[in-house]
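Protein chains in written order, with my numbering: chain A, 191 to 530; chain B, 191 to 530; chain C, 191 to 530. Note that the Cβ used here is the ideal one computed from N, Cα and C, for glycine as well. Treat the numbers as computed from the prediction; the structure is a model and nothing was measured. I have placed the structure first, in the form of C-alpha cells, so that the comments after it can refer back to it.
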Amino acid sequence: MEFTVQQIADLLQGKTEGDNSVTVRTLAKIEEAQTGALAFLSNPKYEPYLYTTGASAVIVSESLELKKPVNATLIRVTDPYSSFSTLLEYYQAAVLASKTGVEQPCFIGDTSSIGEGHYRGAFSYIGNNCKIGSNVRIYPQAYIGDNVTIGDNTTIFAGAKLYANTVVGSNCTIHAGAVIGSDGFGFAPQADGSYKPVPQIGNVVLEDDVNVGANTTIDCATMGSTIIRKGSKIDNLVQIAHNVEVGQHTVIASQSGVSGSSKIGNHCVIAGQVGIVGHITIADKTTIGAQSGVSKSVKETGTIIQGSPAFDYKQNLRAITVFRKLPDLQRELEELKDKK
Amino acid sequence: MEFTVQQIADLLQGKTEGDNSVTVRTLAKIEEAQTGALAFLSNPKYEPYLYTTGASAVIVSESLELKKPVNATLIRVTDPYSSFSTLLEYYQAAVLASKTGVEQPCFIGDTSSIGEGHYRGAFSYIGNNCKIGSNVRIYPQAYIGDNVTIGDNTTIFAGAKLYANTVVGSNCTIHAGAVIGSDGFGFAPQADGSYKPVPQIGNVVLEDDVNVGANTTIDCATMGSTIIRKGSKIDNLVQIAHNVEVGQHTVIASQSGVSGSSKIGNHCVIAGQVGIVGHITIADKTTIGAQSGVSKSVKETGTIIQGSPAFDYKQNLRAITVFRKLPDLQRELEELKDKK
Amino acid sequence: MEFTVQQIADLLQGKTEGDNSVTVRTLAKIEEAQTGALAFLSNPKYEPYLYTTGASAVIVSESLELKKPVNATLIRVTDPYSSFSTLLEYYQAAVLASKTGVEQPCFIGDTSSIGEGHYRGAFSYIGNNCKIGSNVRIYPQAYIGDNVTIGDNTTIFAGAKLYANTVVGSNCTIHAGAVIGSDGFGFAPQADGSYKPVPQIGNVVLEDDVNVGANTTIDCATMGSTIIRKGSKIDNLVQIAHNVEVGQHTVIASQSGVSGSSKIGNHCVIAGQVGIVGHITIADKTTIGAQSGVSKSVKETGTIIQGSPAFDYKQNLRAITVFRKLPDLQRELEELKDKK
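Shown next, in the form of C-alpha cells:
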C-alpha cells in the first residue's frame with residue numbers, strides 16, 4: 191500500500207508543508223525512519239531528530255516552530271500522537287482486511303457453516319458442526335475441531351489449534367501455535383503406582399475481545415468449562431489448566447501458569463513467569479509481580495504481592511534487601527555471641 | 191451421540207425412576223448440569239443440588255431416600271461415583287473411536303506402513319520408512335518424520351511434530367503442538383567467540399502409556415536416545431533436553447524443564463515450573479515442589495525437596511518463615527549491638 | 191545410507207584393521223553401539239569398552255596397543271575424536287541434503303521467488319512477495335507469511351511459523367513450532383478498565399547463523415524491528431518480546447524470557463528459566479544463572495549474576511548459604527535477647 195502525503199493529510203484533516211506528492215508506504219519511529227516512511231513528532235525531546243530523520247514525511251504539531259530546515263514533508267495536525275495512533279490502527283486494519291477469500295487446498299466439514307467476508311488460508315482445517323461468524327480470518331494450517339463456535343471478526347493465526355467443542359467469542363485474536371482445549375492434566379494414581387487418565391470431557395470458552403498469545407496452552411475442563419472472560423489478554427507461552435476461570439479485563443504476561451480450578455478475578459495484572467497453584471481464588475484488581483509463586487488465595491481487592499512464595503510486595507522488598515546482607519548479619523551475630 | 195435414560199440404565203445395570211424415555215447427550219456436574227445432561231450424586235454434601243439441578247437425569251445410590259420432589263429422571267445404582275466414571279470412559283472412548291478413515295489431502299511416504307482402524311486427518315504428514323501400528327489416530331497437520339515407529343492405539347493430536355527416527359510406544363497420547371526430537375541445544379564455543387553446532391544424530395524414545403502435553407518439547411539425544419519410560423505423564427510446555435531419561439510412572443507438571451543428560455527416577459512427582467540442571471540423577475519417588483531449582487543429585491528414595499536452589503522441604507518452609515521476618519531480625523540485632 | 195569400513199577409512203585417511211568389507215549405517219557411543227554402528231575411542235578411560243562393544247567398527251588412535259582381541263573392525267587415525275566429529279558433520283549434512291525437491295500439495299504465492307536446491311515439504315505455505323535464497327529447506331506445514339526474506343542454506347523445520355515481513359539470514363535453523371513475528375503484547379488501558387490493542391506493525395530480523403529452538407516465540411516490534419544478531423543461539427520455549435535486541439553470539443537456554451525493548455549484549459550466556467524485565471540493557475559477556483530474575487541493567491562487561499532478583503553470584507551464593515540456617519540464626523538471636 192502506498193499513499194501520497196496529501197492523501198494522509200486529508201485523512202487526518204491536517205495541512206501539508208513541503209512536497210505533497212511524496213509517497214509513503216510504512217510507519218516508523220522518527221529516529222529510525224527511512225525513505226518511504228511516515229513518522230511523527232510529539233515529545234519535544236525528539237525534536238532534534240526532525241532535522242536529521244530519513245522519513246519521507248513527519249506528522250508535527252500545527253504550533254511547532256522550525257529551528258532548522260527540514261527535508262521531510264510535514265503534515266501539521268492538532269495532536270500528532272493521536273493522529274499517528276489513528277494511522278497505526280488504519281494500517282493494521284488494512285493489513286488484516288487484505289486477507290479474504292479461500293486458498294486451496296483447505297478443509298471444512300459438510301455440516302459446518304461460516305459467515306461472510308472470511309479468509310481461510312491453505313491447509314486450514316475446520317471439522318464438523320462448527321458455527322463460524324462473519325469476517326473471521328483463519329490463517330493457513332490453523333485447526334478447528336468439531337462443534338467449535340467462533341464469533342464475528344475473530345482472527346486465528348497460522349497453526350493455532352482449537353480442540354473440539356471450543357467456544358470463541360467475537361473480536362478475539364488467537365496467535366500462531368496456541369493450543370485451546372487440550373486435555374487437562376488429570377491422572378488417577380493406581381494401586382501399582384501407575385496412573386490412569388481421568389477422561390477430560392469439558393471444553394474451553396473464550397468470551398469476546400480475548401487475546402491469546404503464541405504457543406500458549408489452555409486446557410479443557412474435566413467437566414464444564416475452562417473460561418477466559420471478556421477482554422482478558424494472555425501473552426505467549428502461558429499455561430492455563432483445566433477448569434480455571436480468568437475474570438474480565440485481566441492481563442497475564444508471558445510464561446506464567448495457572449493450575450487447575452483456580453479462579454482469577456477481574457482487572458488483575460499478572461506479570462511474567464508467575465505460578466499460581468490450583469484451587470485458589472485471586473481477588474479483583476490483584477497485581478502479582480514477576481516470577482512470583484502464589485500458594486494461597488488473595489482475598490482483598492487491589493492486593494499487590496511478590497515473591498516465591500508470594501506475600502505483600504513491600505514486605506518482600508524489605509526482606510530481600512536484608513537477604514542480600516545475610517552474611518553480614520550472621521557475622522555480627524557471631525561477634526555478639528563471642529562478646530558474652 | 192444421544193441415548194435414552196433406559197439405555198444408560200441397562201448399561202449400568204441400574205433401575206430408572208421417572209420418565210425413562212428422556213434422552214441425554216452429555217455428562218455434567220450436578221451443580222452445573224442443563225437439559226440434555228446426565229449428572230451423578232455421590233457425596234451427600236451435594237444432595238441439595240438434586241432438587242434444583244437442570245440435569246435431565248441423575249445417577250444416584252439405590253439406597254438414597256428423597257426428601258423433596260425431583261424433576262430429573264433418576265438412575266439408581268450400587269455405586270454412583272463408579273458408574274459415572276465408567277460412563278466418562280465410555281464417552282471419551284466413543285469420541286476418539288468416532289475418528290476413523292483418511293481425510294484428503296494427506297501425505298504418506300511410499301515406504302511407510304500403517305495398521306488397521308486408523309485415522310489420518312487432512313494435511314497430516316507421514317514420511318518414509320515409518321512403521322505405524324493399528325488403531326492409531328493422527329490428527330490434521332500432525333507431522334511424522336522419516337523412520338518413525340508408533341505402537342498400537344496411540345493418538346497424535348493436531349499439529350504435533352515427531353522428527354525423524356522417533357520411537358513411540360503403544361497407548362501413548364501426544365497433544366497438539368508438542369515437538370518430539372528437535373535438536374539438542376549443543377554448540378561448541380570457537381576461538382573467535384562464535385558457536386559451532388554439534389551435530390545431534392540421536393533420537394527420542396517414548397515407551398508405552400506415555401502422555402505428552404500440548405506444546406511440550408523433547409529434544410533428541412546427541413547420540414543414542416532421550417527416553418521417557420513406560421507410563422510417565424508430561425504436562426504442557428515442559429522442556430526435556432537431549433539425552434535425558436525419565437523413569438517409569440513419573441509425573442512432570444507444566445512449564446518444568448530438565449537439562450541435558452539428567453536421569454529422573456521412577457514414580458517421581460515434579461510440580462510446575464521446576465528447573466533441573468544437567469548431568470544429575472534424581473532418585474525414585476522423589477517429590478519436587480513447584481518453582482524449585484534442583485542443582486544437585488537426589489540420592490535417597492522418597493526425598494521431598496523445595497526451593498531455588500532446592501533442599502529439604504520442611505527446612506525450606508522454616509527458612510521461608512524467617513525470611514519474611516528478616517527486617518525485624520535485622521532491627522533486633524541492631525538494638526542488641528546498641529546496648530553494648 | 192550404508193558405507194563399508196574401507197570407504198570411511200579412505201575418507202578419514204586412516205588404515206583399517208580387520209574385515210574392511212563390514213558396513214556401517216549409523217554412529218554411536220562405544221558403550222551403547224550395536225551391529226551396524228561406527229564408534230570411536232579417544233579417552234583411555236573408555237578403552238575397556240573396546241573389547242566388549244557391539245559396534246561393527248571403531249575409530250582408534252594409530253598408536254593404540256591392543257590388550258585383548260577385538261571383534262570390531264578398527265580404523266586407525268591420528269586423532270580419533272576429531273575424525274569422529276568430522277563424520278558426525280558429514281552425517282548430519284547428508285541427512286539434511288537428502289531433503290530436496292517439492293512435495294505436493296504445497297503453497298507458494300505468485301509473486302514469491304525461491305532459489306536453487308531447495309526442499310519444500312507437503313502442506314508448507316509461502317505467501318506473496320517472499321524472497322527465499324538457495325538451498326533452503328522448508329519442512330512440511332511450515333508457514334512463511336507475506337514479504338518474508340530468507341537467506342541461503344537456512345532450514346525451517348516442520349510447522350514453524352514466520353509472520354509477514356520477517357527477515358531471516360543465511361545458515362539459520364528454526365525448529366518445529368517456533369513462532370517468529372507474532373504481535374507484541376501491547377495494550378493501552380482505557381478509562382473503563384478495559385484494554386485496547388496497540389497496533390504492532392514492526393517485524394523480526396534474525397541475522398545469519400541464528401538458531402531458534404522448538405516452540406520458541408519471538409514477537410515483532412511495535413514499530414521497527416526485534417533483532418537477533420549474528421550467531422546467537424536460542425533454545426526451546428524461550429520468549430523474546432517486542433523490540434528486544436539480542437547481540438551477537440549470545441546463548442539463551444530453554445524457558446527464559448526477555449521483556450519488551452531490553453537490549454542483551456554480545457557473547458552473553460543466559461541459563462534456563464531466566465526472566466529479564468523490559469527496557470534494560472545487559473552488557474557484553476554477562477552470565478546469568480538459571481532461574482534468575484534480572485530487574486536492573488548490567489553495566490559492566492563480564493558480570494556474573496544469579497538470584498531472583500539477581501545480584502552478584504558469589505554474594506548470592508553466600509546469602510543462600512545463610513538463608514538455609516535462618517531458623518538457627520533466629521533462635522540464637524532470641525537466646526541473646528533473653529540473656530539481657
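Chain C residues whose Cβ lies nearer than 8 Å to that of residue i
| i | result |
| --- | --- |
| G414(B) | A218, K219, E222 |
| G465(B) | Q445, G462, Q463, A480, Q481 |
| V512(B) | L516, P517, L519, Q520 |
| H469(A) | By Cβ distance, chain C contributes nothing, its closest Cβ being about 25 Å from H469(A), past 8 Å. |
Continuous beta strand (DSSP E) stretch holding residue i: start and end
| i | result |
| --- | --- |
| F513(B) | From DSSP, F513(B) is part of no beta strand (DSSP E) but of the alpha helix (DSSP H) over 503–513. |
| A218(C) | Looking at the DSSP string, A218(C) is not in any beta strand (DSSP E), and its letter there is neither H nor E. |
| I198(A) | Where I198(A) is concerned, there is no enclosing beta strand (DSSP E), although the alpha helix (DSSP H) it sits in stretches over 195–202. |
| E207(C) | 205–207 |
| S251(C) | 247–251 |
| L165(B) | The requested residue 165(B) does not occur in the structure, where chain B is confined to residues 191 to 530. |
| P379(C) | 377–379 |
| Y329(A) | That residue, Y329(A), is in no beta strand (DSSP E); it is neither H nor E in DSSP. |
| L240(C) | Per DSSP, L240(C) belongs to no beta strand (DSSP E); it is in the alpha helix (DSSP H), 237–240. |
Residue i: contacting residues in chain A (beta-carbon distance under 8 Å)
| i | result |
| --- | --- |
| Y281(B) | P389, I391 |
| A523(B) | It should be noted that the sequence gives Leu, not Ala, for residue 523(B). The answer, in chain order, is L519, E522, L523, L526. |
Best match in the options for proximity to residue i [C-alpha to C-alpha]
| i | options | result |
| --- | --- | --- |
| Y333(C) | I370(C), H308(C), V400(C) | I370(C) |
| G244(B) | L256(B), K235(B), Y271(B), F230(B) | F230(B) |
| N355(A) | G414(A), I454(A), V400(A) | G414(A) |
| R327(C) | G335(C), G305(C), N319(C), D209(C) | G305(C) |
| V428(B) | K386(C), T225(C), Q445(C) | Q445(C) |
| S272(B) | I494(B), Q203(B), P238(B), Q380(B) | Q203(B) |
| I494(A) | K486(A), K504(A), S487(A), Q438(A) | K504(A) |
| N393(B) | G383(B), P387(B), D373(B) | D373(B) |
| Q294(B) | I417(B), Y309(B), S302(B) | Y309(B) |
| F313(C) | K258(B), I220(B), G349(B), A378(B) | G349(B) |
| L278(B) | F501(A), P387(A), V512(A) | P387(A) |
| T276(C) | L217(C), N319(C), G376(C), L254(C) | L217(C) |
| I249(A) | P259(A), L228(A), N261(A), V357(A) | L228(A) |
| E255(B) | T213(B), E237(B), N319(B), S303(B) | E237(B) |
| K289(A) | K321(A), I510(A), G311(A), N210(A) | G311(A) |
| T477(A) | I454(A), G341(A), F297(A) | I454(A) |
Cβ-Cβ distance between residue i and residue j below 8 Å
| i | j | result |
| --- | --- | --- |
| A461(A) | A404(A) | no |
| C458(B) | D399(B) | no |
| Q463(B) | G465(A) | yes |
| S360(B) | N337(B) | no |
| T206(C) | L264(C) | yes |
| T416(B) | N433(B) | yes |
| V484(B) | A500(B) | yes |
| V402(B) | H439(B) | no |
| N456(B) | G479(B) | no |
| L526(B) | K527(C) | yes |
| V448(B) | V395(B) | no |
Terminal residues of the alpha helix (DSSP H) in which residue i lies
| i | result |
| --- | --- |
| R521(B) | 516–529 |
| F274(B) | 270–287 |
Interface residues of chain C facing residue i [CB-CB closer than 9 Å]
| i | result |
| --- | --- |
| F592(B) | The requested residue 592(B) does not occur in the structure, where chain B is confined to residues 191 to 530. |
Closer than 9 Å at the beta carbon, the chain B residues around residue i
| i | result |
| --- | --- |
| Y385(A) | D399, N401, G421, S422, K423, H439, V441 |
Neighbour list for residue i in chain C, Cβ cutoff strictly below 7 Å
| i | result |
| --- | --- |
| N233(B) | In chain order: nothing, as chain C lies at least about 38 Å away. |
9 Å Cβ cut-off: residues of chain A touching residue i
| i | result |
| --- | --- |
| Q496(C) | Going along chain A, no residue has its Cβ under 9 Å from Q496(C), so there is no contact; the nearest lies around 12 Å. |
### Query
In the stretch 362–377 of chain B, which residues sit with their C-beta less than 8 Å from some C-beta in chain A, listed in chain order?
T363, H365, A366, G367
### Task
Taking only beta carbons into account, state which residues of the stretch 418–431 of chain B come closer than 7 Å to chain A, listed in chain order.
G421, K423, D425, N426, L427
### Query
Relative to chain C, which residues along the stretch 329–359 of chain A have a C-beta separation below 8 Å, given in chain order?
Y329, P330, Q331, F347, A348, G349
### Query
According to a CB-to-CB cut-off of less than 7 Å, which residues of the stretch 249–262 of chain A neighbour chain C?
none
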